[in-house]
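Chemist: The opening position of the sequence shown corresponds to residue 11 in the working numbering, with each subsequent residue numbered one higher. I'd like to ask some things about the structure below.
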Amino acid sequence: MPTQNPHRTAGLCTSSKVYSALTELKQLEGHRTAKFLSLLAENLVRKGLLNEQEVLKMLDQVVD
11 MPTQNPHRTA GLCTSSKVYS ALTELKQLEG HRTAKFLSLL AENLVRKGLL NEQEVLKMLD
71 QVVD
């Protein structure tokens, strides 16, 4: 039975929290991965660590 919040399990490292949340329900895996990466990219752009042109270049590599 899925927990719906596997990343809230005590004692997990950050990478395990992300992995658990993204892969818990296989039918939502692609959607959750896309949502997480979109939020991550938006946050990095907002913090000035990436610019929008860099994100677009990476997206070009993904769809090519």
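For glycine and all other residues, C-beta sits at the position ideal for the given N, C-alpha and C. Since we're looking at a predicted model, the values are computed, not measured.
Helix or strand or just coil, what does DSSP make of Thr19?
Modeler: Here residue 19 is taken as the residue at index 9 of the sequence shown, counted from 1. Collapsing the DSSP output to three states places Thr19 in coil.
Chemist: Just mark Ala20 as buried or exposed, buried being the case when its beta carbon has 16 or more other beta carbons within 10 Å.
Modeler: Translated into the one-based positions of the sequence shown, residue 20 becomes position 10. So Ala20 ends up on the exposed side.
Chemist: What is the C-beta distance between Leu38 and Ala51, in whole angstroms, given that I count them as a contact (C-beta under 8 angstroms)?
Modeler: Residue numbering aside, residue 38 sits at position 28 when the sequence shown is read from its first letter. Residue numbering aside, residue 51 sits at position 41 when the sequence shown is read from its first letter. About 20 angstroms separates the two Cβ atoms, so there is no contact after all.
Chemist: Could you give the C-beta distance for Arg42 and Leu32, rounded to a whole number, given that I count them as a contact under 8 angstroms?
Modeler: Residue numbering aside, residue 42 sits at position 32 when the sequence shown is read from its first letter. Residue numbering aside, residue 32 sits at position 22 when the sequence shown is read from its first letter. Contact between Arg42 and Leu32 holds: CB atoms are separated by about 5 angstroms, below the 8 angstroms threshold.
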